[in-house]
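S.K.: Please find one structure pasted underneath; my questions will follow.
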Amino acid sequence: MLAHEGFTTACSNGVELHKRTYYPLRAQYPDLPAQLVCAARVKATEAVKSALTWKVKKEQAYPKKGEKAKKQGEPIPVFKPVRCPHSELACIRYDQRSYWVKWDTMTCSLATVDGRIKLPFTVPAYLMQYVGYHVCSADLCFRKGRYTLHIVVSIPEPALPPTTTVVGVDLGLNRPAVTSARQFLGEKQWKEQERRTFRLKRKLQAKGTRSAKRHLKKLSGKQFRRRRDHDHVLSKRLVQNTPPGATIVLENLKNIRDTSKTGRGKKESKKRDNKRRLHSWSFAQLYSFVEYKAQARGIRVVKIDPRHTSQTCSKCGYQARNNRCSQSVFHCRSCGYQLNADLNASLNIREKYVTSLAQDGTPILSGSAVKGPIVSTLRGQEQAPAL
């Protein structure tokens, strides 16, 4: 009811939605605690905001997609409208007035339609580091016959003075992340896992049976969780390899799907593969993971315009499109300098940020790029990748 009211009337204001739905919901569900009604409104408002934003973006982008398809001689894509957010297994939101947690006894109290209930809980070993912190809100979720309580805790930011270390990061599809500290982060098998999943999904879609559709649904959930795990692993390694108080400089990849070219002169199958991988790239999720992990270590995260960083020589500054010989090799046509193309881009990203600070009159966080052997982090081991 909450999400339907907000979506159909295009109302994403929490106060207005509360005025419209609170008393009808209290009359419809008299046993439901008032605080849970308010918490449900907050959660519904979040979902409606997201859906309405996505709806506007889709409606604005569709005419451009149609024009682009006409120019390329491709069929015009079918417009799929955004529907009202709905879930039968939505998580229940709790705040400090509807639940409490005692870390010393590992027990919690939750408000329900039958009154308060006290329950014991366990914390996984990898989350024990957060036990004892101040408790904020929580979500009670039910999945595969099991209840889990996702507790949000407040962790104070470390009081660290900013250092002179600046780390530029080049993000990509072939190499997930390359830093100006000469570290290649990511796993080799991630790319192959995505390819295997795509081939399997294509076979199941062609089959079209009920069992194939059930398998597709499970496969989509597995793919979503795997991508999320990859982003967590990548962001954790990036932040852990950066000293506290430093600055991480990322590329601003907003609108890259509209501006990027999928490959000149390549076969149609290769272009389609690049386009599919580009549109499934979860770089925005990676941004958010890096930002909150960096905040806990006192690391600043900034984004810059990445234009020409892959075409410019990090040694002499000469810019030319043919400087990049291939996907992995950069060879300057002016000074002859040669190195890994992604590493060259990360050095340029770092230098571009430092230069922008000087132009703005901000005290430059000086210090040259880290000199040392090229390091690739794969499965916790260090290997030297070939150029």
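Residue numbers for the sequence shown follow our numbering, so the first one is 24 and each next one is one higher.
Here a beta-carbon is modelled for each residue, glycine too, at the ideal position from N, C-alpha and C.
1. Tell me Arg139's beta-bridge partners as DSSP assigns them.
2. Do the segment 71-86 and the segment 94-105 make contact, defined as three or more Cβ pairs closer than 8 Å?
3. Compare the beta carbon distance of Asp252 and Phe312 with 8 Å and say whether it is the shorter of the two.
4. Please state whether DSSP places Ser4 in a helix, a strand or coil.
5. Which partner residues of Gln58 appear in the DSSP bridge assignment?
6. With a CB to CB cut of under 7 Å and the five nearest residues on each side skipped, what residues in its chain are close to Phe306?
7. Candidates Val190, His302 and Ser132: which alpha carbon is nearest Glu274's?
8. Where Lys87 and Gln246 are concerned, what is the direct C-alpha to C-alpha distance, given to the nearest angstrom?
9. So, with DSSP's three-state summary, where would you put Glu274?
10. Restricting to Cα atoms, I'd like to know which of Cys61, Thr171 and Val136 is closest to Asp118.
11. Thinking just about the alpha-carbon of each residue, which of Asn367, Ser357, Lys125 and Ala92 is nearest to the one in Ser349?
12. Reducing DSSP to helix, strand and coil, say where Thr335 ends up.
13. Quick one: is Gln206 buried, meaning 16 or more other Cβ sit within 10 Å of its Cβ, or exposed?
14. With distances taken Cα to Cα, identify the nearest neighbour of Thr135 among Leu48, Leu59 and Lys298.
15. Starting from Gln342, follow its DSSP beta bridges and name the residues at the other end.
16. Can a CB atom of chain B be found closer than 8 Å to the CB of Cys355?
17. Starting from Gln152, trace the beta strand (DSSP E) both ways and give me its first and last residue.
18. With DSSP run on the structure shown, which of helix, strand or coil describes Ile178?
19. What residue range is occupied by the uninterrupted alpha helix (DSSP H) comprising Arg260?
20. According to the neighbour-count rule (16 or more other Cβ atoms, all chains shown, within 10 Å of its Cβ), is Asp127 buried or exposed?
21. Name the two residues that bound the continuous beta strand (DSSP E) containing Arg192.
22. Give the straight-line distance between the Cα atoms of Thr188 and Cys358, rounded to the nearest whole angstrom.
M.R.: This is what the structure gives:
1. The partner list for Arg139 (beta bridge, DSSP) reads Ala134.
2. Output reads yes: the segment 94-105 touches the segment 71-86.
3. The answer is no: Cβ separation not under 8 Å.
4. Because residue 4 is not part of the residues shown, which for the chain are 24 to 410, the question remains open.
5. DSSP links Gln58 through a beta bridge to no other residue.
6. If the five residues before and after Phe306 are omitted, its C-beta is found closer than 7 Å to the C-beta atoms of Leu194 and Leu276, all from its own chain and listed in chain order.
7. The candidate whose alpha carbon is nearest that of Glu274 is Val190.
8. CA-CA distance, Lys87 to Gln246, rounds to 29 Å.
9. Strand, per DSSP.
10. Closest by alpha carbon: Cys61.
11. For Ser349, the closest C-alpha among the options Asn367, Ser357, Lys125 and Ala92 is that of Asn367.
12. The DSSP-derived three-state label of Thr335 is strand.
13. The residue in question, Gln206, is buried, as its Cβ has 16 or more Cβ neighbours within 10 Å.
14. Nearest Cα to Thr135 within the set Leu48, Leu59 and Lys298: Leu59.
15. Gln342 is bridged by DSSP to Thr335.
16. Absent from the structure is chain B; it holds one protein chain and no more.
17. Note, Gln152: premise wrong, no beta strand (DSSP E); not H, not E.
18. When DSSP states are grouped into helix, strand and coil, Ile178 belongs to the coil group.
19. Per DSSP, Arg260 belongs to the alpha helix (DSSP H) from Arg233 to Gln263.
20. Result: exposed.
21. Inspection of the sequence shows that residue 192 is occupied by Val rather than by Arg. First-last of the beta strand (DSSP E) with Val192: Val189 to Leu194.
22. Each residue's Cα considered, the two are about 28 Å apart.
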